[in-house]
Amino acid sequence: MKQFTDKVVVVTGAGSGIGRALACEFARRGARVALSDVDTANAEETAKLAGGDARAYTLDVSDRSAVLAHAEDVADEFGGVNVIVNNAGVALGATVEEMTFEDYDWLMGVNLGGVVNGTKAFLPHLIASGEGHVVNISSVFGFVGVPTQSAYNAAKFAVRGFTEALREEMLLARRPVAVSCVHPGGIKTNIVRNSRGGADDQEKAAQGFERIARTTPEKAAQTILRGIERKSARILIGPDAYVIDAIPRVLGSAYQRPLAALARLGLK
Numbered sequence: 006m007k008q009f010t011d012k013v014v015v016v017t018g019a020g021s022g023i024g025r026a027l028a029c030e031f032a033r034r035g036a037r038v039a040l041s042d043v044d045t046a047n048a049e050e051t052a053k054l055a056g057g058d059a060r061a062y063t064l065d066v067s068d069r070s071a072v073l074a075h076a077e078d079v080a081d082e083f084g085g086v087n088v089i090v091n092n093a094g095v096a097l098g099a100t101v102e103e104m105t106f107e108d109y110d111w112l113m114g115v116n117l118g119g120v121v122n123g124t125k126a127f128l129p130h131l132i133a134s135g136e137g138h139v140v141n142i143s144s145v146f147g148f149v150g151v152p153t154q155s156a157y158n159a160a161k162f163a164v165r166g167f168t169e170a171l172r173e174e175m176l177l178a179r180r181p182v183a184v185s186c187v188h189p190g191g192i193k194t195n196i197v198r199n200s201r202g203g204a205d206d207q208e209k210a211a212q213g214f215e216r217i218a219r220t221t222p223e224k225a226a227q228t229i230l231r232g233i234e235r236k237s238a239r240i241l242i243g244p245d246a247y248v249i250d251a252i253p254r255v256l257g258s259a260y261q262r263p264l265a266a267l268a269r270l271g272l273k
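For the sequence shown, my numbering assigns the number 6 to the initial residue and increments by one for each residue that follows.
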């Protein structure tokens, strides 16, 4: 997809962060944008910022029937769909021992279920468009396991596997749909500050994350659009993403001991 003028782009989790930056960047390049968020006010604010033909929807991506209905509504209102960006995501900081089943199910419902729901709901419309693109947001936590992030890791590793398999299926079936998996490093968003977990641990994690997050959502959006233009299978965002991607390639499973040691230092 070399240009976005008049293309219909769907972005979930567009109320803030990367999702908001994506909606604005697509609109700036002439796309017609259907943006959604579980927070209605935030979605509407993004639509105002994006301008052009940007429309806001309230959507819980973990609600499969709602996502299926959303896909039909968008296709009817816009006349088709060219791009789906499954961006909505949440965070949870807890060890496996401490984590409740309810919190685990909540995170998996959004971070993995939302990707599966969005992909399945919009794929027929992307195929029908003759020039479709699926963009699923994983993370650098889809490359390495991190203490207190088992649920997030599980979802992001799963998104990576799901997306890579989908890409192979589209190639095998000769479908007119490109597929990209996005792995952001530290992006200056509020996902950690808004995560579930103990208040003290959450604040400490947020402060630590804000010190190392170097990439803006706007830069992330530009990188993703460039990846779409190039039909890139994997889109890494930020220099830290390239470093983290390389660690398990070089060290294999041996990376786990030094990472655990670093985490232990962080707790002191």
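Built from N, CA and C at the ideal position, the CB exists for glycine as well.
Beta-carbon spacing of D253, Y247 below 9 angstroms: Taking the sequence shown and counting its residues from 1, the one referred to as residue 253 is at position 248. Taking the sequence shown and counting its residues from 1, the one referred to as residue 247 is at position 242. At residue 253 the sequence reads Pro, which differs from the Asp that was named. Not closer than 9 angstroms, so no.
For S21, report the span of its alpha helix (DSSP H) as first-last. As a working mapping, residue 21 is identified with position 16 in the sequence shown. Where S21 is concerned, there is no enclosing alpha helix (DSSP H), given that its DSSP letter is neither H nor E.
T158 - DSSP class collapsed to helix/strand/coil: Your numbering for residue 158 matches position 153 in the sequence shown. The residue asked about is misnamed: residue 158 is Asn in this sequence, not Thr. Residue state, collapsed to three classes: helix.
Name the two residues that bound the continuous alpha helix (DSSP H) containing D5. Because the chain is modelled from 6 through 273, residue 5 falls outside the range shown and cannot be assessed.
Would DSSP call P189 helix, strand or coil? Position 184 of the sequence shown, counted from the start, is the residue given in the question as residue 189. Strand at P189.
Using a threshold of 9 angstroms, state whether the C-beta atoms of L128 and H138 are closer than that. Reading the sequence shown from its first residue, position 123 is the one you call residue 128. Reading the sequence shown from its first residue, position 133 is the one you call residue 138. No, the Cβ-Cβ distance between L128 and H138 is not below 9 angstroms.
For A39, the three-state DSSP class (helix, strand or coil): Counted from its first residue, the sequence shown places residue 39 at position 34. Three-state result, A39: strand.
I'd like the span of the alpha helix (DSSP H) that includes V79, first residue to last. For the purposes of this step, residue 79 is taken as residue 74 along the sequence shown, with counting starting at 1. Here the alpha helix (DSSP H) through V79 covers 69-83.
What do you get for G56, buried or exposed, if any count of 16 or more other CB atoms within 10 angstroms of its CB means buried? Stepping through the sequence shown from its first residue, residue 56 is reached at position 51. Burial call: exposed.
Where A61 falls: helix, strand or coil (DSSP): As a working mapping, residue 61 is identified with position 56 in the sequence shown. Strand, per DSSP.
Residues in its own chain within less than 8 angstroms of M6 by CB, not counting five upstream and five downstream? As a first step, residue 6 must be located in the sequence shown, where it is residue number 1. Answer for M6: K12, N87, V88, E136, H138, A183, I233, E234, K236, listed in chain order.
Which one of E49, R231, D65, D68 has the shortest CA to CA distance from A59? Counted from its first residue, the sequence shown places residue 59 at position 54. Among E49, R231, D65, D68, the Cα nearest to that of A59 belongs to E49.
Compute the Euclidean distance between the alpha carbons of R269 and S144, then round it to the nearest angstrom. Here residue 269 refers to the residue found at position 264 when the sequence shown is read from its first residue. Here residue 144 refers to the residue found at position 139 when the sequence shown is read from its first residue. Spanning the two alpha carbons is a distance of roughly 22 angstroms.
DSSP on T220, reduced to helix/strand/coil? The count along the sequence shown starts at 1 and reaches residue 220 at position 215. In this structure, T220 counts as strand in the three-state DSSP scheme.
Is any non-hydrogen atom of the ligand PLP found closer than 8 angstroms to the C-beta of N91, if you look at the structure I gave you? Of ligands this structure carries none, so the ligand PLP is not represented either.
Measure the C-alpha to C-alpha separation of T299 and A159 and round it to an integer number of angstroms. Examination of residue 299 is not possible in this model, given that the chain is present from 6 through 273 alone.
Please list the terminal residues of the continuous beta strand (DSSP E) segment that includes G137. For this step, residue 137 is matched to residue 132 along the sequence shown. Counting along the chain, the beta strand (DSSP E) containing G137 begins and ends at 137-142.
Could you tell me the alpha carbon to alpha carbon distance between N116 and G94, rounded to whole angstroms? Residue numbering aside, residue 116 sits at position 111 when the sequence shown is read from its first letter. Residue numbering aside, residue 94 sits at position 89 when the sequence shown is read from its first letter. So the two alpha carbons sit approximately 5 angstroms from each other.
Assuming A99 and D108 make a contact with CB atoms under 8 angstroms, what is their CB distance in whole Å? Residue numbering aside, residue 99 sits at position 94 when the sequence shown is read from its first letter. Residue numbering aside, residue 108 sits at position 103 when the sequence shown is read from its first letter. About 7 angstroms separates the two Cβ atoms, so the contact holds.
Consult DSSP for N91 and reduce its assignment to one of helix, strand or coil. As a first step, residue 91 is located in the sequence shown; it is residue number 86 there, counting from the start. It is a strand residue.
Between the CA atoms of R34 and E174 - distance to the nearest angstrom: As a working mapping, residue 174 is identified with position 169 in the sequence shown. As a working mapping, residue 34 is identified with position 29 in the sequence shown. Computed Cα separation, rounded: 30 angstroms.
In three-state DSSP terms, what is A28? Here residue 28 is taken as the residue at index 23 of the sequence shown, counted from 1. Reduced to three states, the DSSP call for A28 is helix.
Own chain residues within Cβ distance below 6 angstroms of C29, not counting five before or after: Position 24 of the sequence shown, counted from the start, is the residue given in the question as residue 29. Only L54, A55 meet the Cβ criterion.
Apply the 10 Å Cβ neighbour rule to R262 and answer buried if 16 or more other Cβ atoms are within range, or exposed otherwise. The count along the sequence shown starts at 1 and reaches residue 262 at position 257. R262 is exposed by the Cβ-count criterion.
Inter-residue CB distance, N122 and V72 (contact presumed, cutoff 8 angstroms): Taking the sequence shown and counting its residues from 1, one reaches residue 122 at position 117. Taking the sequence shown and counting its residues from 1, one reaches residue 72 at position 67. Yes, they are in contact, since the Cβ atoms of N122 and V72 sit about 4 angstroms apart, within 8 angstroms.
Whole-number beta carbon distance between T51 and A19, since they are thought to touch under 8 angstroms: The residue given as residue 19 occupies position 14 in the sequence shown. The residue given as residue 51 occupies position 46 in the sequence shown. A19 to T51, Cβ: 5 angstroms. Contact.
I think G190 touches I242, with their Cβ atoms under 8 angstroms apart; what is that distance to the nearest whole Å? The count along the sequence shown starts at 1 and reaches residue 190 at position 185. The count along the sequence shown starts at 1 and reaches residue 242 at position 237. Correct: roughly 6 angstroms between the Cβ atoms.
Just to confirm the assignment, what range does the alpha helix (DSSP H) spanning S237 have? Here the question's residue 237 lines up with position 232 in the sequence shown. Run containing S237: none; DSSP gives neither H nor E here.
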